[in-house]
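Asker:
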Amino acid sequence: MLMRLRDGVESDLPDLIQLAHEMLESSGFSRFKPNPHKISSLFEFLIDDEDALLIVAIDRDQLSGFFAAEIVPLLFSDELLAVDVAMFASSHSSKNLPIRKISEIYLKWAKHKGASRAIFSQSTGVNTERFSKIFDRLDFQRLGSIHGFDL
Numbered sequence: 066m067l068m069r070l071r072d073g074v075e076s077d078l079p080d081l082i083q084l085a086h087e088m089l090e091s092s093g094f095s096r097f098k099p100n101p102h103k104i105s106s107l108f109e110f111l112i113d114d115e116d117a118l119l120i121v122a123i124d125r126d127q128l129s130g131f132f133a134a135e136i137v138p139l140l141f142s143d144e145l146l147a148v149d150v151a152m153f154a155s156s157h158s159s160k161n162l163p164i165r166k167i168s169e170i171y172l173k174w175a176k177h178k179g180a181s182r183a184i185f186s187q188s189t190g191v192n193t194e195r196f197s198k199i200f201d202r203l204d205f206q207r208l209g210s211i212h213g214f215d216l
């Protein structure tokens with residue numbers, strides 16, 4: 066059975082904060098100290114803002130993943146973009162995120178919000194080739210790449 070998906074709500078905040086910590090620790094940003102206030106504020110924004118989307122994934126009655134996105138104006142244009150903020154599934158989950166279903170929800174939401182393009186990105190440095198292959202199969206086109214340099 067796939068994970069069950071639903072909109073994120075305020076009572077999810079403690080679990081979302083925990084997942085954000087786990088996401089940071091398992092990523093290419095693990096050397097950065099998390100700021101619990103910023104994490105909480107981000108999720109509160111995602112829950113409350115009409116131009117933001119927060120989907121949570123439930124596995125065995127536990128919140129075990131999330132997908133977040135927002136609508137932003139394209140620089141130098143009046144067009145709107147749907148841009149993912151983060152997507153993560155806990156390593157403790159027994160299942161993978163249902164990415165096809167998440168992408169369907171995301172694209173429908175983006176179209177409803179008037180976006181001209183929806184973007185999925187990956188900047189954690191974890192499983193980048195696997196991520197790219199999944200979204201290639203879902204007919205997303207590659208738009209570029211992300212590179213980092215630690216200072």
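Residue numbers (my numbering): 66 to 216. Built from N, CA and C at the ideal position, the CB exists for glycine as well. Since we're looking at a predicted model, the values are computed, not measured.
Count the C-beta pairs between the segment 84-100 and the segment 142-155 that are closer than 8 Å, then say yes if the count reaches three, no if not.
Answerer: With the cut-off at 8 Å, the segment 84-100 and the segment 142-155 touch.
Asker: Quick check: what's the CA-CA separation for Phe-131 versus Arg-96?
Answerer: Here residue 131 corresponds to residue number 66 of the sequence shown, with the count starting at 1. Here residue 96 corresponds to residue number 31 of the sequence shown, with the count starting at 1. Near 22 Å, if we compare the C-alpha coordinates of Arg-96 and Phe-131.
Asker: Ignore the nearest five residues each way along the sequence and tell me which others in Leu-128's own chain have a CB closer than 8 Å to its CB.
Answerer: Here residue 128 is taken as the residue at index 63 of the sequence shown, counted from 1. Contacts found: Asp-77, Asp-80, Leu-81, Leu-84, Val-121, Ala-122.
Asker: Have a look at the DSSP bridge pairing and note the partners of Ile-123.
Answerer: Along the sequence shown, one-based indexing puts residue 123 at 58. Per DSSP, Arg-69, Leu-128.
Asker: Roughly how many angstroms lie between the CA atoms of Ile-112 and Phe-214, to the nearest whole one?
Answerer: Numbered from 1 along the sequence shown, position 47 holds the residue referred to as residue 112. Numbered from 1 along the sequence shown, position 149 holds the residue referred to as residue 214. If I take the Cα positions, the gap works out to 32 Å.
Asker: Might you give, ordered along the chain, the residues of its own chain that have their beta carbon closer than 6 Å to the beta carbon of Val-137, omitting 5 neighbours on each side?
Answerer: Residue 137 sits at position 72 when you count from the first residue of the sequence shown. Leu-146, Val-148, listed in sequence order.
Asker: On the DSSP bridge assignment, give the partners of Leu-208 in chain order.
Answerer: Mapped onto the sequence shown, residue 208 falls at position 143. Leu-208 pairs with nothing; no bridge assigned.
Asker: Could you compute how far the alpha carbon of Ile-104 sits from the alpha carbon of Lys-173?
Answerer: Working through the sequence shown from its first residue, we reach residue 104 at position 39. Working through the sequence shown from its first residue, we reach residue 173 at position 108. Going by the C-alpha atoms only, they are around 27 Å apart.
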